[in-house]
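Novice: Here my numbering is used: the first residue of the sequence shown is 3, the next is one more, and so on.
Using N, Cα and C, we set each Cβ at its ideal position, and we do this for glycine too.
Attaching a single structure in structure tokens format; questions to follow.
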Amino acid sequence: MTKKVYLNHDGGVDDLISLFLLLKMEDIELIGVGVIPADCYLEPAVSASRKIIDRFGKGKEIEVAASTSRGKNPFPKDWRMHAFLVDALPILNEFKPVKTKEATLPAHKHLIEALRNSEEKVTLVFVGPLTDLARALEEAPDIEEKIEKLAWMGGTFLEKGNVEEPEHDGTAEWNAFWDPEAVKVVWDSNIKIDLVALESTNMVPLTLDIRDKWAAERTDLGIDFVGQCYAMVPPLVHFQTNSTYFLWDVLTTATIGDEGLVKKKEVKSFVHADGPSQGKTELSEDGRAVQLVYEADRDRFFNYLTDLAREN
Ligand code: AGV
Ligand code: CA
């Protein structure tokens, strides 16, 4: 049976590869895409998304909606630049003009409309901050019953998150830190949540052996696209830095196609909305229950992703 999916992403390399993979999954019908300018600039991220749908969407008509949401804690500019590079890849610019349309509605209203128009329940895949979902829920609480579940890349219960910014204590994950209030709103809903936290994504860093595997198969168009994209971001070599790239969002998206790639357990938590730990998700017995993805099968994941990417 086909599963309906709505994707909201923030234009990073692994966000755009997530879109690419959802288009290639057999039993998935992607019904819409929202783009939020968190870990990206909006225009190149919307443009690259439209081109990816043109190139790899098998002729399907899927709209891309630009978000009007703005966060509390901005992402570093260097990271936000990645969408410009993907948008400029020759592989995405061979055929013009671009056919895939930009929606007239802003992303949160586009999400509301997509859910209201769907007869079946829809799985939400959010691989950036939760702002558009929080705004949609506040504006249209009725959509909650149309949501099968939310798979969100965000949060961590580890002592160390991935935010290294002035005035912060380093305990948060970036997507939660960008808009902690939005996490709170979503936590207050009754939506089922699969939380792909840093516990699991830390197990899938970008490494040189993976890059070499993609390089060896570069004559395949899909593998070449993935290889070109992951050439733009720093791999894990001798030691981890603040910029080291993991396959955060791609792991999240892959769990939609193959749940067996990861292990989950129920935990209860709340989020710090402000102060030096803002964006931190913390375990608490009277907190909100989510399914925490805490472990990933690294080899199986990379094989799954590479097989899915392959054109032939
Ligand atoms: O915290 C992970 C999230 C994911 O959605 N993003 C990147 C992924 O798209 C923010 C982020 C954390 N560290 C980063 C990030 C880094 N070193 N480079 C770029 N983005
Ligand atoms: Ca992201």
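Please work out which residues of its chain come closer than 6 Å, Cβ to Cβ, to Gln-280, disregarding the five sequence neighbours upstream and downstream, and give them in chain order.
Specialist: Setting aside the 5 residues that flank it on each side, Gln-280 is surrounded in the same chain by Pro-182 and His-274, each with a C-beta closer than 6 Å to its C-beta; the list follows chain order.
Novice: Using the DSSP secondary-structure output, state which residues sit across from Ser-271 in a beta bridge.
Specialist: Leu-285 and Arg-290
Novice: Would you give the residue range spanned by the beta strand (DSSP E) that Asp-196 belongs to?
Specialist: 195 to 198
Novice: Please work out which residues of its chain come closer than 8 Å, Cβ to Cβ, to Thr-297, disregarding the five sequence neighbours upstream and downstream, and give them in chain order.
Specialist: This sequence places Glu at residue 297; Thr is not what is there. Glu-201, Ser-202, Met-205, Val-264 and Lys-265, listed in sequence order.
Novice: Would you mind stating whether Glu-28 and Lys-6 have Cβ atoms separated by less than 7 Å?
Specialist: no
Novice: Which same chain residues end up closer than 7 Å to Thr-283 when comparing Cβ atoms and leaving out the 5 residues on each side of it in sequence?
Specialist: Excluding sequence neighbours, Thr-283 sits near Gly-157, Thr-158, Phe-159, Ala-178, Ser-271 and Val-273.
Novice: So the candidates are Ala-174, Asp-144 and Val-124; which of them puts its Cα closest to the Cα of Met-155?
Specialist: Ala-174
Novice: By DSSP, does Ile-38 sit in helix, in strand, or in coil?
Specialist: coil
Novice: Which residues does DSSP list as the beta-bridge partners of His-11?
Specialist: Val-37
Novice: Just to confirm, is the Cβ distance from Asp-17 to Asp-251 under 7 Å?
Specialist: yes
Novice: Name the two residues that bound the continuous beta strand (DSSP E) containing Glu-150.
Specialist: 149 to 155
Novice: Quick one: is Phe-22 near chain B, going by C-beta distance under 7 Å?
Specialist: Note that chain B does not occur in the displayed structure, where there is just one protein chain.
Novice: Apart from the five residues on each side of it in sequence, which residues of its chain come closer than 6 Å, Cβ to Cβ, to Pro-46?
Specialist: Ala-85, Phe-86 and Asp-89
Novice: Do three or more CB pairs link the stretch 223 to 243 to the stretch 103 to 123 at distances below 8 Å?
Specialist: no
Novice: By alpha-carbon positions, which one of Ser-286, Thr-255, Thr-308 and Pro-278 ends up nearest to Phe-128?
Specialist: Thr-255
Novice: Is it buried or exposed for Lys-53, if we count other Cβ within 10 angstroms and need 16 for buried?
Specialist: buried
Novice: Look at the alpha carbon of Ile-19 and the alpha carbon of Cys-231, and state the distance between them as a whole number of angstroms.
Specialist: C-alpha of Ile-19 to C-alpha of Cys-231: approximately 8 Å in a straight line.
Novice: In whole angstroms, what separates the C-alpha of Leu-294 from that of Asp-56?
Specialist: 34 Å
Novice: Is there contact between the stretch 133 to 145 and the stretch 162 to 176, where contact requires at least three CB pairs shorter than 8 Å?
Specialist: no
Novice: Helix, strand or coil: how does DSSP classify Glu-31 here?
Specialist: Note: Glu-31 maps to strand in three-state DSSP.
Novice: Report yes if the C-beta of Asp-144 is less than 6 Å from at least one heavy atom of ligand 4; otherwise report no.
Specialist: Inclusion of ligand 4 in the displayed structure is not the case, the ligand content consisting of ligand 1 and ligand 2 alone.
Novice: Beta-carbon distances below 5 Å to any heavy atom of ligand 2 define the shell here; list its residues in chain order, please.
Specialist: Asp-12, Gly-14, Asp-17, Val-129, Gly-130 and Asp-251
Novice: Note down the Cα distance separating Pro-99 from Ile-64, rounded to an integer number of angstroms.
Specialist: Going from the Cα of Pro-99 to the Cα of Ile-64 covers about 16 Å.
Novice: Need the endpoints of the alpha helix (DSSP H) that Val-100 sits in, please.
Specialist: Neither: Val-100 is in no alpha helix (DSSP H) and is coded neither H nor E.
Novice: Going by the CB atoms, is the gap between Asn-75 and Trp-189 shorter than 7 Å?
Specialist: no
Novice: Candidates Pro-92, Ile-93, Lys-148 and Ile-225: which alpha carbon is nearest Ile-114's?
Specialist: If we check each option's Cα against that of Ile-114, Lys-148 comes out closest.
Novice: Can you list, in chain order, the stretches of the alpha helix (DSSP H) that have 4 or more residues and sit fully within the stretch 219 to 254?
Specialist: At a cut-off of 4 residues, the continuous stretches assigned as alpha helix (DSSP H) that sit fully inside the stretch 219 to 254 are 223 to 232.
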